[in-house]
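Mapping of the sequence shown onto this note's numbering: residues 2 to 513, in sequence order.
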Amino acid sequence: MNASTTERHCQPLTIFDTTLRDGEQTPGVSLSAPQKLEIAAALEALGVDVIEAGFPAASSGEADAVAAVAAKVSRSAVCALARCHEPDIVAASDALRPAARPRLHVFMATSPLHMRHKLRMTPRQVMQRARQGMRLALDLCRDVQFSAEDATRTEPAFLHDMVAMAAELGVSTINIPDTVGYATPVEYGQTIANARQAAASHPGVVISAHCHDDLGLAAANTLAAIHAGALQVECTINGLGERAGNAALEEVVMALRTRPELYAATTGIITQRLAATSALVAGLTGIAVPPNKAVVGANAFAHQSGIHQHGMLSNAGTYEVMRAEDVGASTQIVLGKHSGRHAFAAWLEARGTQLHEAGLERAFAAFKRLADSQARPTERQVLELAGAGSHPPAGWQLLAASHSGRGDQCQVEVRVARHAGRECQGCGRGALANAVADAVAQATGLRLRVAACHAAMESRGDGSVATAHVEFDCDGAALRGQAIAATECEAIAHAMVDVLPAARPTRMEVAP
Ligand SMILES: [Zn+2]
Numbered sequence: 002m003n004a005s006t007t008e009r010h011c012q013p014l015t016i017f018d019t020t021l022r023d024g025e026q027t028p029g030v031s032l033s034a035p036q037k038l039e040i041a042a043a044l045e046a047l048g049v050d051v052i053e054a055g056f057p058a059a060s061s062g063e064a065d066a067v068a069a070v071a072a073k074v075s076r077s078a079v080c081a082l083a084r085c086h087e088p089d090i091v092a093a094s095d096a097l098r099p100a101a102r103p104r105l106h107v108f109m110a111t112s113p114l115h116m117r118h119k120l121r122m123t124p125r126q127v128m129q130r131a132r133q134g135m136r137l138a139l140d141l142c143r144d145v146q147f148s149a150e151d152a153t154r155t156e157p158a159f160l161h162d163m164v165a166m167a168a169e170l171g172v173s174t175i176n177i178p179d180t181v182g183y184a185t186p187v188e189y190g191q192t193i194a195n196a197r198q199a200a201a202s203h204p205g206v207v208i209s210a211h212c213h214d215d216l217g218l219a220a221a222n223t224l225a226a227i228h229a230g231a232l233q234v235e236c237t238i239n240g241l242g243e244r245a246g247n248a249a250l251e252e253v254v255m256a257l258r259t260r261p262e263l264y265a266a267t268t269g270i271i272t273q274r275l276a277a278t279s280a281l282v283a284g285l286t287g288i289a290v291p292p293n294k295a296v297v298g299a300n301a302f303a304h305q306s307g308i309h310q311h312g313m314l315s316n317a318g319t320y321e322v323m324r325a326e327d328v329g330a331s332t333q334i335v336l337g338k339h340s341g342r343h344a345f346a347a348w349l350e351a352r353g354t355q356l357h358e359a360g361l362e363r364a365f366a367a368f369k370r371l372a373d374s375q376a377r378p379t380e381r382q383v384l385e386l387a388g389a390g391s392h393p394p395a396g397w398q399l400l401a402a403s404h405s406g407r408g409d410q411c412q413v414e415v416r417v418a419r420h421a422g423r424e425c426q427g428c429g430r431g432a433l434a435n436a437v438a439d440a441v442a443q444a445t446g447l448r449l450r451v452a453a454c455h456a457a458m459e460s461r462g463d464g465s466v467a468t469a470h471v472e473f474d475c476d477g478a479a480l481r482g483q484a485i486a487a488t489e490c491e492a493i494a495h496a497m498v499d500v501l502p503a504a505r506p507t508r509m510e511v512a513p
């Protein structure tokens, strides 16, 4: 049977979320019943078709949590997992009793490795145990799913027989898990196509994909399965799950939505809720989402390089294949050392600050200095720089400021350039602010006297920067400046030089 596009048009894809079962098997994660309930409510609001709530045989607490989810959720089907053992199946069935739409999920390992070393059973015994398990499950629940654990490392002929038997018994969904994340897309697509073939005489049976990310192929394998005709996909929020995790729901769903011409599969997922659901799951499980995670990572819609920011500002399609608002996020222009003047001005404008050309020039230069010493300048810092940039154009530009010594014994050297471009230098001694003022005075020929100076190093998550606020007298005029730079000496010098008026030439001028 071929997976034709028209055929798949007719049947929407079932999204089976296993965040509360496989996702909870993420090392270090253990969810309480109220936490499971909160996530289940979010999954239902997100529009998932089936919520796998847990493995009731694991503990009485787990059974209670599954029962609580079953009682609360009404629109989505609620599923419980069981091995092909009578007590497991009965525990799952009991936990599902309050469910409006219960699904009982039984599984049996089918690969030679698992049968020999884990189950210590022959293929024949495995077949028999699976049959008994499915029969009992079907006696207790109308909607039964069977999984052939480690299907991708199972002998194809044995998997074919197992799938055919499950379909014959009346199981409505047959899952073909890539339990250990071993398959590659072409291969997995073929395995799914073979399973469809094995169940072909029961056209109502849904073949399901369940992929793990051990080789980073979970989403790709899931898409290959859809291409091959799988009508259910199993996934988790944020790709949580055993070891490297499961296929991430948000990645699979957004791939389908972004490339409808390739898959023609529809889902009932309300994608605008993806970011919020991801954040909720990260918060409750304690497993943070990496910033570069597809779709829901903090950087998924953030742009820092000047070229990309320029493109984004004229048309978001230049560097985004999906709209941030479609996943409930927003595009961010992140200011950093790679940002261009264009994005810097746009960022300020979006916050109500518009600078004249010279002011923008100075603020941008100050911003570049700051971004060199600090990976991610804060919003307050950048707005402060912009505030300094709104002063009338300065007559001088600071080229360098350095100091040695400490306390009252500082020696400061500065190099400045006049508006016309000629360089001047000066030096001063004493307490830092006074030494800077003397050095600047010598370089510029202006008479400077510090009235008040507050300078300090501030530590940030990604380094430390110096801030300075200086009030000073310049040839009888009271001036006030502020700056941020890598050192206190540089910050004080910028706070003064950046607000100096144009000055008369001095004898200290040196060749440019
Ligand atoms: Zn799994």
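The beta carbon of each residue, even a glycine, is placed where N, CA and C say it ideally should be.
Count the other CB atoms within 10 Å of the CB of residue i; is the residue buried (16 or more) or exposed (fewer)?
{"i": "E63", "result": "buried"}
{"i": "A223", "result": "The identity of residue 223 in the sequence shown is Thr, whereas the question assumes Ala. With 16 or more Cβ atoms within 10 Å of its Cβ, T223 is classed as buried."}
{"i": "P103", "result": "buried"}
{"i": "A351", "result": "exposed"}
{"i": "A479", "result": "exposed"}
{"i": "G246", "result": "buried"}
{"i": "A359", "result": "exposed"}
{"i": "T123", "result": "exposed"}
{"i": "D151", "result": "buried"}
{"i": "N300", "result": "exposed"}
{"i": "L105", "result": "buried"}
{"i": "T19", "result": "buried"}
{"i": "T319", "result": "exposed"}
{"i": "S94", "result": "buried"}
{"i": "Q355", "result": "exposed"}
Locate the beta strand (DSSP E) running through residue i, then write down its first and last residues.
{"i": "R481", "result": "A478 to A486"}
{"i": "Q146", "result": "V145 to E150"}
{"i": "M109", "result": "P103 to A110"}
{"i": "T174", "result": "T174 to D179"}
{"i": "A78", "result": "A78 to R84"}
{"i": "F56", "result": "Taken as a continuous stretch (DSSP letters only), F56 belongs to no beta strand (DSSP E), as it is neither H nor E."}
{"i": "T15", "result": "T15 to D18"}
Pull up the distance between the alpha-carbon of residue i and that of residue j, whole angstroms please.
{"i": "A376", "j": "E156", "result": "53 Å"}
{"i": "A325", "j": "F302", "result": "6 Å"}
{"i": "V500", "j": "S405", "result": "25 Å"}
{"i": "F17", "j": "M166", "result": "23 Å"}
{"i": "T174", "j": "M109", "result": "14 Å"}
{"i": "R505", "j": "T488", "result": "At R505, the pLDDT of 48 sits below 50, so the modelled position is not reliable; the number obtained from the coordinates is stated separately. Roughly 29 Å separates the two Cα atoms."}
{"i": "L32", "j": "A469", "result": "48 Å"}
{"i": "Q443", "j": "L314", "result": "45 Å"}
{"i": "V187", "j": "A225", "result": "7 Å"}
{"i": "T445", "j": "V466", "result": "27 Å"}
{"i": "A492", "j": "A484", "result": "5 Å"}
{"i": "A138", "j": "H339", "result": "59 Å"}
{"i": "G261", "j": "R244", "result": "What sits at residue 261 in the sequence shown is Pro, not Gly. Looking at the two C-alpha atoms, the distance is approximately 31 Å."}
{"i": "L218", "j": "T185", "result": "7 Å"}
{"i": "A456", "j": "K294", "result": "39 Å"}
{"i": "A512", "j": "D439", "result": "Low confidence applies here, because A512 scores a pLDDT of 35, under 50, leaving its location unreliable and the question unanswered by this model."}
{"i": "S61", "j": "R154", "result": "33 Å"}
{"i": "G408", "j": "L433", "result": "7 Å"}
{"i": "H118", "j": "T180", "result": "16 Å"}
{"i": "R249", "j": "V91", "result": "It should be noted that the sequence gives Ala, not Arg, for residue 249. So the two alpha carbons sit approximately 30 Å from each other."}
{"i": "V322", "j": "T259", "result": "7 Å"}
{"i": "E424", "j": "L447", "result": "15 Å"}
{"i": "T15", "j": "T268", "result": "7 Å"}
For the alpha helix (DSSP H) holding residue i, just list the boundary residues, first then last.
{"i": "R258", "result": "L250 to T259"}
{"i": "C490", "result": "E489 to V498"}
{"i": "D89", "result": "E87 to A96"}
{"i": "V297", "result": "Premise fails: V297 is in no alpha helix (DSSP H) and is neither H nor E."}
{"i": "V290", "result": "Element bounds for V290: n/a, residue is neither H nor E."}
{"i": "Q26", "result": "Q26 -> no alpha helix (DSSP H), and no H or E assigned at all."}
{"i": "G48", "result": "No alpha helix (DSSP H) holds G48; DSSP gives it neither H nor E."}
{"i": "H309", "result": "G307 to S315"}
From the beta carbon of residue i, is the nearest beta carbon of chain D less than 8 Å away?
{"i": "A34", "result": "The structure shown contains no chain D, having only a single protein chain."}
* Taking three-plus beta-carbon pairs below 8 Å as touching, is the segment 325-334 in contact with the segment 269-286? -> Yes, since at least three Cβ pairs between the segment 325-334 and the segment 269-286 fall closer than 8 Å, the two stretches touch.
* To do: Report yes or no: do three or more beta-carbon pairs, one from the segment 39-57 and one from the segment 297-308, lie closer than 8 Å?
  => The segment 39-57 makes no contact with the segment 297-308: fewer than 3 CB pairs, one atom from each, lie closer than 8 Å.
* Sequence ranges, alpha helix (DSSP H) only - wholly within the segment 182-233, length at least 4 -> You should have 186-199 and 219-228.
* Counting pairs of Cβ atoms below 8 Å between the segment 198-210 and the segment 223-237, do you hit three or more? -> Yes, they touch.
* Asked: What are the uninterrupted segments assigned as alpha helix (DSSP H) that are 4 or more residues long and contained completely in the segment 366-454, given in chain order?
  -> Runs of the alpha helix (DSSP H) lying entirely within the segment 366-454 and spanning at least 4 residues, in chain order: 380-390 and 433-445.
* **Contact the segment 115-132 vs the segment 74-82: 3+ CB pairs below 8 Å** => By the C-beta criterion, the segment 115-132 is judged not to be in contact with the segment 74-82, since fewer than 3 inter-stretch pairs fall below 8 Å.
* Do three or more CB pairs link the segment 128-135 to the segment 41-49 at distances below 8 Å? -> A contact is defined here as three or more CB-CB pairs under 8 Å, and the segment 128-135 fails this definition with respect to the segment 41-49.
* Given 8 Å as the limit, is there contact between the segment 417-434 and the segment 369-386, that is, 3 or more CB pairs closer than that? -> Segment contact: the segment 417-434 against the segment 369-386, fewer than three CB-CB distances shorter than 8 Å; contact not assigned.
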